[in-house]
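What follows is a single structure, written as structure tokens, with notes after it.
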Amino acid sequence: DVKVTQSSRYLVKRTGEKVFLECVQDMDHENMFWYRQDPGLGLRLIYFSYDVKMKEKGDIPEGYSVSREKKERFSLILESASTNQTSMYLCASGTGNQPQHFGDGTRLSIL
Amino acid sequence: QKEVEQNSGPLSVPEGAIASLNCTYSDRVSQSFFWYRQYSGKSPELIMSIYSNGDKEDGRFTAQLNKASQYVSLLIRDSQPSDSATYLCAVGISSGSARQLTFGSGTQLTVLP
Numbered sequence: 019d020v021k022v023t024q025s026s027r028y029l030v031k032r033t034g035e036k037v038f039l040e041c042v043q044d045m046d047h048e049n050m051f052w053y054r055q056d057p058g059l060g061l062r063l064i065y066f067s068y069d070v071k072m073k074e075k076g077d078i079p080e081g082y083s084v085s086r087e088k089k090e091r092f093s094l095i096l097e098s099a100s101t102n103q104t105s106m107y108l109c110a111s112g113t114g115n116q117p118q119h120f121g122d123g124t125r126l127s128i129l
Numbered sequence: 012q013k014e015v016e017q018n019s020g021p022l023s024v025p026e027g028a029i030a031s032l033n034c035t036y037s038d039r040v041s042q043s044f045f046w047y048r049q050y051s052g053k054s055p056e057l058i059m060s061i062y063s064n065g066d067k068e069d070g071r072f073t074a075q076l077n078k079a080s081q082y083v084s085l086l087i088r089d090s091q092p093s094d095s096a097t098y099l100c101a102v103g104i105s106s107g108s109a110r111q112l113t114f115g116s117g118t119q120l121t122v123l124p
């Protein structure tokens, strides 16, 4: 089974802090994705990566950056957290035409 | 804008009935189609994949794809209260350097005991 592990299930941070969300997959997938999910807005793609050190913006990249130094690890960075970034963050990995597999999610609250 | 449309529901069916969930998509070159189940507060879980026209059955679940009509559906037979969840339709597209998924907004299903 594919295993996608997110570092935290719940996280509380303060406005202006730099926040790191970590994601690790164990299936050697070349593609990794970060989404956020908000009530009424569905799943929205923030960034994705198709190879080590390669990244592309998704639909809502503003206020976020990403890092992929190793194939199995994909990090989402909130440069200066704001209250409108309070959300559920979901990491996923996949390969080719196959489905994406999701981690358990991180529920992030920015106070 | 590539879109995936689902009836948001909520959809309620009695236990033992067939639940029918529908999804339409706008991008004619889409090649892969998925259904995810998401329980409240949890992450999406893959339940069905379908790539070619016709029906695909897995246990109580049947996915149906009609590329000419740009339509994909999910049937759940003998619905159980444990099937109560939000069901997300996802369509695979090639965009940029990786295959991405476009998700519908989900259909909330409630199975009544």
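Line by line, the protein sequences give chains A and B. Heads up: the first sequence is residues 19 to 129, going by the working numbering. Heads up: the second sequence is residues 12 to 124, going by the working numbering. Even glycine gets a Cβ: it sits at the ideal position worked out from N, Cα and C.
Scanning its chain for C-beta atoms nearer than 7 Å, with the 5 sequence neighbours on each side dropped, one finds around A:Thr113 the residues His47, Glu48 and Asn49, in chain order.
For the C-beta of B:Pro21, not a single chain A residue is nearer than 9 Å; the gap to the nearest is close to 14 Å. Put simply, the segment 35 to 42 of chain B does not touch the segment 87 to 106 of chain A. Fewer than three CB pairs are less than 8 Å apart.
Under the three-state reduction of DSSP, B:Thr97 is assigned to strand. Nearest C-alpha to B:Asp94 among B:Arg48, B:Gln42 and B:Gly20: B:Arg48. Contact check for B:Leu120 and B:Leu22: beta-carbon distance about 5 Å, within the 8 Å limit, so the pair qualifies. C-alpha of A:Val22 to C-alpha of A:Arg91: approximately 10 Å in a straight line. Within the segment 108 to 128 of chain A, the residues whose Cβ lies closer than 7 Å to some Cβ of chain B are Leu108, Gly114, Asn115, Pro117, Gln118, His119, Phe120, Gly121, Asp122 and Gly123, listed in chain order. Across the structure, B:Ile29 and B:Gln91 are spaced so that their CA atoms are roughly 10 Å apart. Taking the beta carbon of A:Phe92 as reference, no residue of chain B falls within 8 Å; the closest one sits roughly 12 Å away. Residues Phe51, Ala110, Ser111 and Gly112 of the same chain have their beta carbon placed closer than 7 Å to that of A:Gln118, with the five preceding and five following residues left out of the count. When 8 Å is used as the limit between beta carbons, A:Leu61 is near these residues of chain B: Pro55, Leu99 and Phe114, in chain order. Following the DSSP letters along the chain, one finds B:Asn33 inside the beta strand (DSSP E) bounded by residues Ala30 to Tyr36. Taking a C-beta distance under 8 Å as the contact criterion, A:Cys41 and A:Gln55 do not qualify as a contact pair. Chain A has a Cβ within less than 8 Å of the Cβ of B:Ser43.
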